[in-house]
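Per my numbering, residue 14 is the first one in the first sequence, and the count goes up by one each step.
Heads up, the beta-carbon is just placed ideally off N, CA and C, and yes, glycines get one too.
Quick caveat, the model's predicted, so the values are computed rather than measured.
The block underneath contains the structure these notes are about, expressed in structure tokens.
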Amino acid sequence: MIKEPEFRDYNPGEFEEKVERFWKENDTYEKVKESRSNGPKYYFLDGPPYVSGAIHLGTAWNKIIKDMVIRFRTMQGYNVRRQPGFDMHGLPIEVKVEQALGLKVKKDIETEIGVDNFIRKCKEFALNNLKVMTEQFKMLGVWMDWDKPYMTIKNEYIESGWFTLKRAWEKGLLEKDKRVLHWCPRCETALAEHEVRGEYKIRKDPSIYVKFPVEGKENEYLLIWTTTPWTLPANLAVTVHPEYDYAKVKVETDKGEEYWIIAKALVERVLSEVGLKGEIVETFKGEELEGLRYVHVLMDEYPTQKEFREKYEWAHRVILGEHVTLGDGTGLVHTAPGHGEEDYEVGRGYGLPIYSPVDDEGRYTEGFWKGTYVKDADPQIIEYLTEKGYLVKAGTIEHKYPHCWRCKTPLIFRATDQWFLKVSKVKDTIIKENDEKVTWYPDWVKVRYDNGVMNSGDWVISRQRYWGIPLPIWQAEDGEIYVVGSFKELVEKSVAIVLDGERIELPEDYNEKLKVIEEKLGPEDLHRPYVDAFIIRVNGKEMRRVKDVVDVWFDSGIASWASLDYPRTEENFRKLWPADFIVEGEDQVTKWFYSQQAASVIAFDTVPYRKVAMHGYVLDEKGDKMSKSLGNIIRPEEVVQKEGRDPFRFYMLWATNPWENLRFSWKGLAQVKRMLNILWNVYVLSATYMSLDDFDPTKLNPQELPFREEDRWILSRANSLIGDVTEGVETFRLTKATRAIYNFVVEDLSRWYVRLIRKRMWVEGDDPDKLAAYYTVWKVFDVLLRLMAPFTPYIAEEIYQNLLRPFIGVESVHMLDWPKADEKAIDEELEREMEAVRRIVEAGSSARQRAKIKLRYPVRRIIIETEDETVKKAVERLNRLLKDQLNAKEVVVGRVERELIIKPNFAKVGPEFKGDAKKVIAWISEHGKELYEAGEMDVELEGKTFHLTREHLTIEEKLPDFFVAEDFEGGRVFVDKTLTRELLAEGLAREFVRRIQEMRKRLDLDVNDRIVVTIETTDENRELLGENLDYIMKETRATEVVFGEAKGYVVEWPEVQAKIGIERV
RNA sequence: GGGCCCGUGGCUCAGCCUGGUCAGAGCGCCCGCCUGAUAAGCGGGAGGUCCGGGGUUCGAAGCCCCGCGGGCCCA
């Protein structure tokens, strides 16, 4: 049976807790999963958030979207895989742990506390953060398998990574190569592009112009500019743009006449910069300079350069490159292939060596400045070049320069040996597979994605760190490598382990080997330093592991199969892979969406997911990013605490289209909460009456119920809503779904339907009309709660438990099926007519308001003028509603006769007839009506003929005084405001009823309590009230209404000139 | 420099894919109403060149092109 609602006010904080308890006690989550276990598979793959320790609004949005989709698909009958994931390796955690342990430099990890301890701490840290974040996600009502998330640090997961890398190696897609990358000399590791992004800080650096003597020419130089003097020892070429114009400039220096080669467009600027005068003596295209040899300015100091000069055809020559710009500098770019990305690219094209005489800590490994930290060498080099006469000008520049995000050290570009996945070789497959198999939401993201893929280069996956998937590459002395694909293989191939520098030979037999390993190294743990201990033998050569770990982006890239523990176990992979749906923020388009496809094409030659959706960022109300420095951070916990989980969730799915940025606004949230409040009120109202009447829909036969038009209408609307919501979610146009729900609740259900049926609910006893209304409301909730369950799981559950469960029997709203629209119930004509009725009622109310006739006073008659068939039908079919809502005795379609007032249009007549205007005006004043009826006519006045038309008239309509009119779309409403004595009496009765009710409420009387009413008022009121005493008694549950001294609880009501007293009987 | 998205009343946004019932909602402001959902609810009013300019079309906020402004990604 339906019970009186437990909470009368919508207070999410309270009942959401209660619902949480309910789910927990009944193990509802597991039951929901169980109930769909035989459904078609739906592999949702969670993009693993980094275990930073706290979620923010963006993470919350992300999970709310995911949860909604998961719940939606579950209700549709799918057996949804809903395992959450966490990204747990990587430098950020290493840094936190280093700080916690008070370590200062990378070496400390090995020398101070040892890699094993360090790794243990990292693991602890990551697991702890995972726990904290899990609680936060749970708090949002996100239903995932929190007790068995996938973790990138598990052995199975790491092994999955090894498997993938082995595949890459077998296909020739894993290579070692020298590459120029950002390098932090303190952390001693390469940094990926994404780690550097946003870490550009203003910094003062040298800005110098250096002249390189052209070989074989007296006093002729190439002029270059650089902000990194320390890279000059590694200079191997000067790059010019083949298309640009270059000039030979005659310059007067203090040492005499010199010729400098500078880009023509920059001559003036450069000369003024160095403070010299000069003139152009010759110009030529950049390409004509190609091959021009110059003398390296530090060749004596760096003897290796001498060797290069002999060994390499293109060393110390002008080469061509498209990357040269005319922004800064001279248009001739100092090129050090070991210290610049573009330098590297262009240098490789010319077969130049990748020379980088700098070690991991940023110190020169050879030459004049051997052992000096490169940034410290800058001033020394400047001074040195000045002495040698090559320095033209030395200044400083403030520019943005990348810094290490953890230690703030300026990064250097440095060529190092790194391991690459040769994604460039499989790009075409990625694009083709993506094209054929993946649906993007919204679709234009695909364009963005494709562009990203086109532009991407090979993937640097090695990192010179500790906390990550160890690179499973073993290398022999001679450089031969072998990639291990699993723990089992590692054990099989292993011949010895090294522990504390001591070599322990392993037995041949696999099981015995395993025993020894376990004894010496402990249980399997594929992290460092465990795996570093293994010596394997392949092709008769002993190999040791390459010390690097893998880029964390690789970790998440393999998630679609690694989270299924593939290949260690195959069953899930075979059943589930590829993923059906993923959704992440827009920053992931070129990250996770990409890393997954790249890794998957490498491993399986195809893409790992079928549908992918993108959402935006969460910003503050003004559109600024939330950040500590702006102090505008809003935490999800705060939102939940203040406004509740359901309002938060619905708001995040309602505020804006998911692919756009969401400006978080408390006001918007309040608006959503209000909608839920309205829904709640509708529920409270319905449940209150239904419980009083012991309403039981299962005992009714809907065929026999006398449904009214409004009942059929709201059911029609509810069924239409199903289509809108379903389509909205399926096409990821989430606002379509949420706005449809919002409008239905506020406009259709509350503002209109409940308003229409209220009185039917008040009837006592088994009134069929009332039961029809109850039944309708009940059916509406049956649909609505299902539709809302994925968005607002708590309120849906709370209402469901009381209103529906007693009759449906299913334990939770989340176990119900997603509703299917009943096409037969949809009556579009009725919906249109109801729209018309609503418009008429609005217009009528507006007219009344202008006429200052309160709704409490009935009006005699309302006339609708219309040509619209729908409106006509509506007035006929839904007449009862109109009369009721407009409080009119009669509502009819008809025509109101009105007087036309026809006057001359002075503005038209004057200019046209000038001097004759007066005559015409006089005529029109008298015969205007004839002209109006004729439309146009020729009139002869004093011998002149005038052609007159309706344009020469102004026409005003004059309504009879007792009408007040208002337009609506489709017609016009006329309210007859004639107030008869009868109408007045009725209105007054209502005035009194209302006040007596107010008094009942103040006394907190029960609905069933009887009262005696005493009224002191004017004779006139007394007489008028006398005509409706029965009505007053019935409405106020009075046994008696007595005129005379007010008794009992007495209130004076000056607006109606009365004192009213009531007493409970 | 390239790609993508966004630009609608004071504010936050729907609508745009599928051109013709909208120029809309909420908030804020002003004025009212209702009172058996009630520390709720409802109505009315004021307020917009739908960024600007072209084009396609009988018709464009919506489609196409150019420009301006903002955001993101990439270089």
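So, for R773: in the same chain, excluding its five sequence neighbours on each side, which residues have a beta-carbon less than 6 Å away from its beta-carbon?
D782, K783, A786
State the start and end residues of the unbroken beta strand (DSSP E) segment that holds S729.
That residue, S729, is in no beta strand (DSSP E); its alpha helix (DSSP H) goes 722-743.
In terms of alpha-carbon separation, which member of F99, V904, I122, T87 lies closest to T147?
F99
With the cut-off set at 8 Å, would you say R1050 and I1024 are in Cβ contact?
yes
Between the CA atoms of K268 and N232 - distance to the nearest angstrom
10 Å
Just curious, the beta strand (DSSP E) that Y259 is in, first and last residue?
258-266
Is R799 near the ligand COA - that is, is its Cβ less than 7 Å away from at least one heavy atom of it?
The ligand COA is absent from the structure shown, which contains no ligand whatsoever.
Opening and closing residue of the beta strand (DSSP E) in which Y272 lies
269-276
Closest by C-alpha distance to S138, when choosing among Y63, Y170, K119:
Looking at the sequence provided, one finds Phe at residue 138 rather than Ser. With distances taken between Cα atoms, F138 lies closest to Y63.
8 Å Cβ cutoff met for L3 and E650
The question about residue 3 has no answer here: the residues shown for the chain are numbered 14 through 1078.
According to DSSP, simplified to helix, strand and coil, what is E903?
coil
On the DSSP bridge list, what partners appear for V345?
Reading off the sequence shown, one finds Leu at residue 345, where the question assumed Val. Per DSSP, V253.
Taking the alpha carbon of R861 as the point to measure from, which residue in E979, L762, E955, D780 has its own alpha carbon closest?
E979
Using a Cβ-Cβ cut-off of 7 Å (strictly less than) and excluding sequence neighbours within five positions of Y1044, which residues of its own chain qualify?
A1002
Where P536 falls, given that 16 or more other Cβ within 10 Å makes a residue buried:
exposed
What did DSSP end up calling Y357 once you bin it into helix, strand or coil?
helix
Nearest to K438 by CA position, among K151, L817, V466, is which residue?
V466
Compute the Euclidean distance between the alpha carbons of G1074 and D1019, then round it to the nearest angstrom.
17 Å
Please state whether DSSP places A328 in a helix, a strand or coil.
coil
In or out: N900 buried (at least 16 other Cβ within 10 Å) or exposed?
buried
Which same chain residues end up closer than 7 Å to A849 when comparing Cβ atoms and leaving out the 5 residues on each side of it in sequence?
T883, V884, A887, G983
Looking only at C-alpha atoms, which of L289, R306, N248 sits nearest to K8?
Absent from the structure is residue 8, since the part of the chain shown begins at 14 and ends at 1078.
I need the straight-line Cα distance from L675 to E634, nearest angstrom please.
9 Å
Helix or strand or just coil, what does DSSP make of W1066?
strand
Counterpart residues of T409 in DSSP-defined beta bridges:
P219
Neighbourhood of S50 by C-beta, 7 Å cutoff - its chain only, sequence neighbours within 5 removed
N92
Rounded C-alpha distance that separates R851 from E1004:
25 Å
May I ask you to verify whether the region 481-493 touches the region 215-228, counting CB pairs closer than 8 Å and requiring at least 3?
no
So G360 packs on T348, CB below 8 Å; how close in whole Å?
6 Å
The alpha helix (DSSP H) enclosing C135, as first and last residue numbers:
128-152
Output the residue ranges of the alpha helix (DSSP H) runs that lie fully inside the region 970-1032 and measure 4 residues or longer, sorted by chain position.
994-1015
Excluding the five sequence neighbours on either side, which residues of its own chain have a C-beta within less than 8 Å of the C-beta of V145, listed in chain order?
G66, A67
If we call anything under 8 Å between Cβ atoms a contact, is G375 one with Y368?
no
Excluding the 5 residues flanking R199 on each side, which residues of the same chain have their C-beta closer than 7 Å to its C-beta?
V118, C417, C420, T422
Alpha carbons only, please: which of A247, I615, I735 is nearest the one belonging to L365?
A247
Tell me where the alpha helix (DSSP H) around L843 begins and ends.
841-864
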